[in-house]
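Asker: One structure, as structure tokens, below. Some questions next.
There are 2 protein chains.
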Amino acid sequence: MKILVAQLNFKVGDFENNLPKIIRAIQWGKEKGAEIVLFSELALCGGFPHDLLLRRDFIFAIEHSWKEILPHCLDVMVVVGTPRRHANEMLNSAMIIQEGTIIGFSDKKFLSREGDFQEICYFNEGQRGISCWQWKGKKIAVCLGENRGLGEQACQGSRWDLILNLSILPYRYDAFSLRMALFKAIALHSSSPLVVCNAVGGNDHSIFDGYSLFLDQEGKCRQCASGFQEDLMMVNLSSFPQQAPSEPNSLEDLYNALVLGVRDYFHKQNFGKAILGLSGGIDSAVVACIAIDALGKNEVTALLMPSEYSSKKSVEDAQVLASRLEIRWELLSITPIYQLMLKVLFPFFHGSSFDHTEENLQARIRGMLLMALANKWGCLVLNTGNKSEASVGYCTLYGDMVGGIGVLGDVSKGMVYRLAEWINRDGERIPLSILTKEPSAELKWGQTDRDSLPEYAVLDLIVKSYVEDLLSPEEITSLYSFPNEEVMKIIHRIDHFEYKRRQAPPYLRVTKRGFGTGRTYPIVWGSF
Amino acid sequence: MKILVAQLNFKVGDFENNLPKIIRAIQWGKEKGAEIVLFSELALCGGFPHDLLLRRDFIFAIEHSWKEILPHCLDVMVVVGTPRRHANEMLNSAMIIQEGTIIGFSDKKFLSREGDFQEICYFNEGQRGISCWQWKGKKIAVCLGENRGLGEQACQGSRWDLILNLSILPYRYDAFSLRMALFKAIALHSSSPLVVCNAVGGNDHSIFDGYSLFLDQEGKCRQCASGFQEDLMMVNLSSFPQQAPSEPNSLEDLYNALVLGVRDYFHKQNFGKAILGLSGGIDSAVVACIAIDALGKNEVTALLMPSEYSSKKSVEDAQVLASRLEIRWELLSITPIYQLMLKVLFPFFHGSSFDHTEENLQARIRGMLLMALANKWGCLVLNTGNKSEASVGYCTLYGDMVGGIGVLGDVSKGMVYRLAEWINRDGERIPLSILTKEPSAELKWGQTDRDSLPEYAVLDLIVKSYVEDLLSPEEITSLYSFPNEEVMKIIHRIDHFEYKRRQAPPYLRVTKRGFGTGRTYPIVWGSF
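So the sequence lines, in the order shown, correspond to chains H and X.
Residues 0 to 527, numbered by numbering that gives the first Met the number 0, are exactly what the first sequence covers, in order.
Residues 0 to 527, numbered by numbering that gives the first Met the number 0, are exactly what the second sequence covers, in order.
Here's what the structure looks like:
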């Protein structure tokens with residue numbers, strides 16, 4: 000039996016383009032002799048639709064699109080993810096089509112409460128996690144999503160000839176083997192071969208990584224589709240590669256995820272051009288590389304906006320980088336505007352000394368210049384802040400926090416360095432001096448990040464433990480033997496600066512818990 | 000039997016202050032002869048805690064606080080809202096204390112999926128919606144929240160001597176009678192008197208309005224606690240007022256809700272001082288009045304930031320208003336900075352003509368000046384944008400969209416006018432010319448809102464239908480007989496500008512669906 004796994008990139012609600020994509024894949028599959036064509040979860044409407052699911056016209060459009068597919072499904076079993084209404088309930092389902100007829104649905108049982116989307120707010124739980132269908136004399140089970148519950152249910156089930164899984168799994172850094180283990184459990188417990196079709200593509204802050212899978216009945220991975228791009232993977236149950244595919248490289252994956260996230264955020268909105276501030280620091284250097292690989296170097300403009308506090312070396316580094324990357328760059332000193340702002344504000348400052356006000360002013364002038372050029376030229380601004388900064392509020396609201404999309408907002412400073420090293424693996428794309436210099440915001444004389452922050456190695460560990468792993472301050476203190484006072488200071492900052500992050504651009508999500516959608520902390524609350 | 004309804008204002012996670020408040024209310028109740036003291040839903044931890052509920056240390060702190068209350072509960076039945084863990088589940092419960100002992104819990108069954116908070120993401124469903132307890136020879140039912148399901152369940156139940164309800168219901172404009180009807184159904188269907196304790200106070204964008212209730216067994220309202228402030232209401236089952244309390248005034252309630260929302264947003268964060276831009280328009284005038292009533296006139300500073308496009312009348316109106324309200328005001332022309340910005344950017348604009356870039360620049364200079372003074376003086380910026388503008392993106396990101404809290408972000412332009420009239424009910428607090436002038440952003444010569452927007456009366460209806468009532472474009476077109484083209488144009492704008500609102504300040508919520516938390520639309524999606 001041959002199964003075509005159609006790992007495709009859909010745009011939410013874009014039926015006009017999603018439907019022909021689906022139909023072409025079915026036709027291609029039939030031509031190549033596939034007896035089953037499998038699509039990903041929510042393929043028909045793209046994922047994740049969020050509140051569009053509350054709109055009747057959205058649901059009508061989905062149901063209407065079903066009819067368009069049916070005529071193309073003669074002589075083939077097609078399994079495609081779609082929301083559906085059933086007796087006052089909304090279900091996240093796999094639609095099963097045989098011989099041009101919808102023969103039924105398999106409804107998702109294990110719904111997410113957290114992460115990139117809260118399915119439980121939109122969908123009702125399906126009755127059964129796994130349902131079984133007959134096709135060409137075989138017993139074929141169908142299930143949705145990645146959940147331990149499916150493995151347990153597979154344990155109790157009878158042996159199937161094949162399990163089909165539809166998923167829309169967001170990329171998570173270094174979590175490929177965890178996902179593999181969950182799917183392995185399903186195959187192993189039911190002693191059935193398992194074919195998984197995962198979504199691919201970026202939607203807002205979410206990045207679906209693809210990597211659709213075929214596991215044999217012993218749970219061994221036999222085939223793996225491409226990561227971060229569309230792929231049509233043909234699985235032949237009676238003849239498949241004996242060698243397991245190689246595991247992906249974590250850093251390469253992270254880089255590719257961010258590239259895909261940027262590209263789809265732009266292209267799915269019909270935006271081509273990006274602008275970013277290039278400071279000579281590592282964050283903006285890495286974002287520039289990602290932007291070029293996502294959009295093409297002719298579409299990326301860098302703005303160098305030095306002040307009196309910028310070191311000569313930083314400006315030089317930024318210039319060398321821009322030239323080396325062959326992107327357009329412009330130099331625009333903020334000094335005249337900054338000086339005028341200070342003069343205008345002087346009567347109101349009552350002779351008080353330089354503080355965060357003046358630092359924020361510089362960052363905000365830069366934000367304003369970036370936005371002005373973006374408005375005039377029709378570009379989107381790329382935000383270059385990283386997760387470590389966002390965590391402790393080491394950033395200026397309406398200043399360096401401007402932008403349409405935050406490229407590194409879920410990437411810790413430590414990981415930004417590792418990304419830079421990976422970018423430079425075959426040659427010095429990013430000048431070495433950018434990697435080796437002491438990080439600084441350069442908003443006052445002789446400033447470095449270490450004046451206000453602990454070592455990034457320490458900060459990153461605490462942020463990961465607190466934000467991603469939900470450990471309590473006490474647990475973090477005892478786990479890493481950090482001084483309790485230092486841990487508390489950082490956690491207090493993370494809590495306090497929720498108000499800044501509430502107004503941050505969407506951050507591309509690459510860890511299990513980032514800031515923004517999926518992490519809802521109150522702004523106003525008392526420490527306990 | 001006497002029941003003390005302790006309608007109190009709690010801060011999320013602030014056990015240090017919430018607990019003494021609870022204990023003082025119990026003691027007061029006992030002194031006054033209460034046999035039952037009833038608190039609101041989630042009283043112990045304050046509401047809504049969102050992701051704090053995922054933290055083990057938060058749950059430990061809650062459980063620890065239980066022990067503090069018990070010694071004060073001799074000779075009295077105390078019913079208090081608290082989250083609780085039970086066998087791998089998290090429940091939203093009423094803790095029942097009798098004679099200093101926890102005798103059990105009543106768990107909330109009907110959990111919200113939308114609105115100000117998605118309970119279903121945090122809590123498991125309780126087994127029964129209503130549970131029954133014995134006290135002083137009476138059968139006392141306990142339930143949580145406001146839900147049709149409770150009324151249906153009450154139908155099937157045996158008659159109780161009393162029903163106690165714990166709620167944390169956010170304020171909704173003009174929805175008092177709807178709430179009353181839901182509670183009436185519970186009392187009526189079970190032929191039992193019903194005592195409701197609702198939370199009061201602001202938390203982030205949520206405003207809990209109080210108005211705790213006592214309904215007799217015929218469902219008639221006999222007592223109603225204050226709205227928008229703490230209240231200790233004693234209910235005597237054998238002797239209560241025969242006259243129903245009067246219904247609240249909708250406009251007065253809306254105004255009080257916004258005042259409470261601002262006050263608690265500031266004071267619960269230990270902020271006292273506010274700053275806002277005063278344009279001479281109606282939005283900032285209304286926000287100034289709200290700020291004064293929330294914080295005191297000595298705590299509010301107004302900044303007048305005219306440009307070459309500001310009419311003389313606007314500046315005059317703003318000055319008259321500020322003087323009449325007796326708040327500090329400062330005049331700071333943006334012209335020099337705007338001119339310098341244009342000069343600096345000139346080489347990059349390639350002789351292109353004046354467009355939204357220049358308009359945005361002016362708004363962003365104002366935002367930057369407000370933020371600079373706020374930073375230097377230790378104030379929070381009040382955002383003055385209204386819901387009509389936010390809907391169609393008639394506002395500038397990082398410009399007039401700056402601020403710690405959006406006071407009118409869930410109030411339509413039409414309602415802003417009605418609020419202004421209400422503010423002026425006993426005299427012209429807001430100069431009449433501000434109410435009567437044509438609305439204009441004054442970002443270019445002769446500009447009025449009508450150049451870019453339909454009449455506000457039409458816009459507001461479409462926004463309400465689409466955003467609050469979830470009607471489809473077709474339904475709106477046929478409901479109001481508006482031209483389909485006009486409806487589609489507005490809806491397209493609402494959809495398109497999601498990216499701006501994603502970076503807006505939290506908007507105080509006063510309708511059933513506003514922007515921000517509780518409305519999650521994708522940014523990137525295709526129209527269908």
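Glycine residues also receive a C-beta, built at the ideal position from the N, C-alpha and C atoms.
1. List the endpoints of the continuous beta strand (DSSP E) containing residue 15(H).
2. Looking only at DSSP bridge pairs, what is residue 81(H) linked to?
3. Would you say residue 362(X) lies against chain H (beta-carbon separation less than 8 Å)?
4. What's the gap between the Cα of residue 107(X) and the Cα of residue 11(X)?
5. Please classify residue 327(X) as buried or exposed, where buried requires at least 16 other C-beta atoms within 10 Å of its C-beta.
6. Decide yes or no for the touch test of the segment 265-283 of chain X against the segment 295-306 of chain X: beta carbon pairs closer than 8 Å, at least 3 of them.
7. Quick one: any contact between the segment 249-262 of chain X and the segment 283-303 of chain X, if contact means 3 or more CB pairs under 8 Å?
8. Would residue 383(H) and residue 410(H) qualify as a contact pair, given that the criterion is a beta-carbon distance under 8 Å?
9. Work out the CA separation of residue 475(H) and residue 6(X) for me, nearest whole Å.
10. Is the Cβ-Cβ distance between residue 52(H) and residue 19(H) less than 8 Å?
11. Along chain X, which residues have their Cβ under 8 Å away from the Cβ of residue 543(H)?
12. According to the Cβ coordinates, are residue 529(X) and residue 39(X) closer than 8 Å?
13. Buried or exposed, going by whether 16 or more other CB atoms sit within 10 Å of the CB of residue 191(H)?
14. Would you mind sorting residue 296(X) into buried or exposed? The rule is 16 or more other CB atoms within 10 Å of its CB.
15. From what residue to what residue does the alpha helix (DSSP H) around residue 65(H) run?
16. Tell me where the alpha helix (DSSP H) around residue 487(X) begins and ends.
17. Of all the alpha helix (DSSP H) runs that stay within the bounds of the segment 421-479 of chain H, which reach a length of 4 or more residues?
18. Quick one: which chain H residues come within Cβ less than 8 Å of residue 519(X)?
19. Would a check of beta-carbon distances place residue 504(X) closer than 8 Å to chain H?
20. Excluding the 5 residues flanking residue 227(X) on each side, which residues of the same chain have their C-beta closer than 7 Å to its C-beta?
21. Following the continuous alpha helix (DSSP H) through residue 262(H), name the residue where it begins and the one where it ends.
22. Alpha carbon to alpha carbon, how far is residue 378(H) from residue 324(H)? Give it in angstroms, no decimals.
23. Between the Cα of residue 56(H) and those of 522(X), 503(X) and 465(X), spot the shortest distance and give me the residue it belongs to.
24. Which residues in chain X sit within 7 Å of residue 268(H), going by Cβ to Cβ distance?
25. Which term fits residue 175(X), buried or exposed, when burial requires 16 or more other beta carbons within 10 angstroms of its beta carbon?
26. In the DSSP assignment, what are the bridge partners of residue 35(X)?
27. In chain X, what lies closer than 7 Å to residue 113(H) by C-beta?
28. Is residue 351(H) close to chain X? Criterion is C-beta to C-beta, closer than 8 Å.
29. How about residue 3(X) and residue 231(X): are their beta carbons less than 8 Å apart?
30. Start and end of the beta strand (DSSP E) containing residue 518(X)?
31. Determine the chain X residues that contact residue 60(H) at a beta-carbon separation under 7 Å, and present them in chain order.
32. How would you label residue 412(H), buried or exposed, when you count the other beta carbons within 10 angstroms and need 16 or more for buried?
33. Excluding sequence positions up to five away, which residues of its chain have a Cβ less than 6 Å from the Cβ of residue 116(X)?
34. Assign residue 509(X) to one of three DSSP states: helix, strand, or coil.
35. Tell me whether residue 338(X) sits in a helix, a strand or coil according to DSSP, three-state version.
36. My parser needs the alpha helix (DSSP H) runs of 4 or more residues fully inside the segment 321-388 of chain H; what are they?
Answerer: In short:
1. Within the first sequence, numbered from 1, the residue matching residue 15(H) stands at position 16. Note, residue 15(H): premise wrong, no beta strand (DSSP E); alpha helix (DSSP H) at 14-30.
2. Counted from its first residue, the first sequence places residue 81(H) at position 82. Looking at the DSSP output, residue 81(H) sits in a beta bridge with 92(H).
3. The residue you call residue 362(X) lines up with position 363 of the second sequence. Chain H, which has no Cβ nearer than 8 Å to the Cβ of residue 362(X), makes this no.
4. Reading the second sequence from its first residue, position 108 is the one you call residue 107(X). Reading the second sequence from its first residue, position 12 is the one you call residue 11(X). Cα to Cα, residue 107(X) sits roughly 19 Å from residue 11(X).
5. By one-based count along the second sequence, residue 327(X) stands at place 328. With fewer than 16 Cβ atoms within 10 Å of its Cβ, residue 327(X) is classed as exposed.
6. With a cut-off of 8 Å, the segment 295-306 of chain X and the segment 265-283 of chain X count as touching, because enough Cβ pairs lie within range.
7. Enough Cβ pairs lie closer than 8 Å, so yes.
8. For this step, residue 383(H) is matched to residue 384 along the first sequence. For this step, residue 410(H) is matched to residue 411 along the first sequence. No, Cβ-Cβ distance for residue 383(H) and residue 410(H) is not below 8 Å.
9. Sequence index remark: in the second sequence, residue 6(X) carries index 7 (1-based). Sequence index remark: in the first sequence, residue 475(H) carries index 476 (1-based). Computed Cα separation, rounded: 38 Å.
10. The residue you call residue 52(H) lines up with position 53 of the first sequence. The residue you call residue 19(H) lines up with position 20 of the first sequence. The answer is no: Cβ separation not under 8 Å.
11. Residue numbering for chain H in the displayed model covers 0 to 527; residue 543(H) lies beyond these limits and cannot be assessed.
12. Outside the modelled stretch of chain X, which goes from 0 to 527, sits residue 529(X), for which no answer is possible.
13. Position 192 of the first sequence, counted from the first residue, corresponds to residue 191(H). So residue 191(H) ends up on the buried side.
14. Start at 1 with the first residue of the second sequence, and residue 296(X) comes out as number 297. A residue is called buried when at least 16 other Cβ atoms come within 10 angstroms of its Cβ; residue 296(X) does not meet this threshold and is exposed.
15. Counting from 1 along the first sequence, the entry for residue 65(H) is found at position 66. In this chain, the alpha helix (DSSP H) harbouring residue 65(H) covers 55-68.
16. Translated into the one-based positions of the second sequence, residue 487(X) becomes position 488. Per DSSP, the unbroken alpha helix (DSSP H) holding residue 487(X) starts and ends at 483-495.
17. Counting only runs of 4 or more, we get 431-435, 455-462 and 472-479.
18. The sequence position of residue 519(X) within the second sequence is 520, counting from 1. Against chain H, the beta carbon of residue 519(X) has neighbours under 8 Å at 49, 50 and 516, listed in chain order.
19. Here residue 504(X) refers to the residue found at position 505 when the second sequence is read from its first residue. Interface residue, yes.
20. The count along the second sequence starts at 1 and reaches residue 227(X) at position 228. If the five residues before and after residue 227(X) are omitted, its C-beta is found closer than 7 Å to the C-beta atoms of 199, 208, 209, 255, 256 and 259, all from its own chain and listed in chain order.
21. Residue mapping note: residue 262(H) aligns to position 263 of the first sequence, counting from 1. That run of the alpha helix (DSSP H) goes 249-266.
22. Here residue 324(H) refers to the residue found at position 325 when the first sequence is read from its first residue. Here residue 378(H) refers to the residue found at position 379 when the first sequence is read from its first residue. When rounded, the distance between both Cα atoms is 19 Å.
23. As a position in the first sequence, residue 56(H) is number 57, starting the count at 1. Ranking 522(X), 503(X) and 465(X) by Cα distance to residue 56(H) puts 465(X) first.
24. Here the question's residue 268(H) lines up with position 269 in the first sequence. By Cβ distance, chain X contributes 523.
25. For the purposes of this step, residue 175(X) is identified with residue 176 of the second sequence, where counting begins at 1. Buried, since its Cβ has 16 or more Cβ neighbours within 10 Å.
26. On the second sequence, residue 35(X) is found 36 positions in, with the first residue counted as 1. The partner list for residue 35(X) (beta bridge, DSSP) reads 2(X) and 76(X).
27. Sequence index remark: in the first sequence, residue 113(H) carries index 114 (1-based). Residues of chain X passing the Cβ test: 120.
28. Working through the first sequence from its first residue, we reach residue 351(H) at position 352. Cβ-Cβ to chain X under 8 Å: yes for residue 351(H).
29. Indexing the second sequence from 1 puts residue 3(X) at position 4. Indexing the second sequence from 1 puts residue 231(X) at position 232. It is a contact, given that the beta carbons lie within the stated cut-off.
30. As a working mapping, residue 518(X) is identified with position 519 in the second sequence. For residue 518(X), no beta strand (DSSP E) segment is defined, and its DSSP state is neither H nor E.
31. Position 61 of the first sequence, counting from 1, holds the residue named residue 60(H). Annotation: Cβ neighbours of residue 60(H) in chain X (cutoff 7 Å, chain order): 527.
32. Here the question's residue 412(H) lines up with position 413 in the first sequence. With 16 or more other Cβ atoms within 10 Å, it is buried.
33. Translated into the one-based positions of the second sequence, residue 116(X) becomes position 117. In the same chain as residue 116(X), and ignoring 5 residues on each side of it, the C-beta atoms closer than 6 Å to its own belong to 47, in chain order.
34. Here the question's residue 509(X) lines up with position 510 in the second sequence. In this structure, residue 509(X) counts as coil in the three-state DSSP scheme.
35. Residue numbering aside, residue 338(X) sits at position 339 when the second sequence is read from its first letter. Note: residue 338(X) maps to helix in three-state DSSP.
36. 334-348 and 355-376, all fully within the segment 321-388 of chain H.
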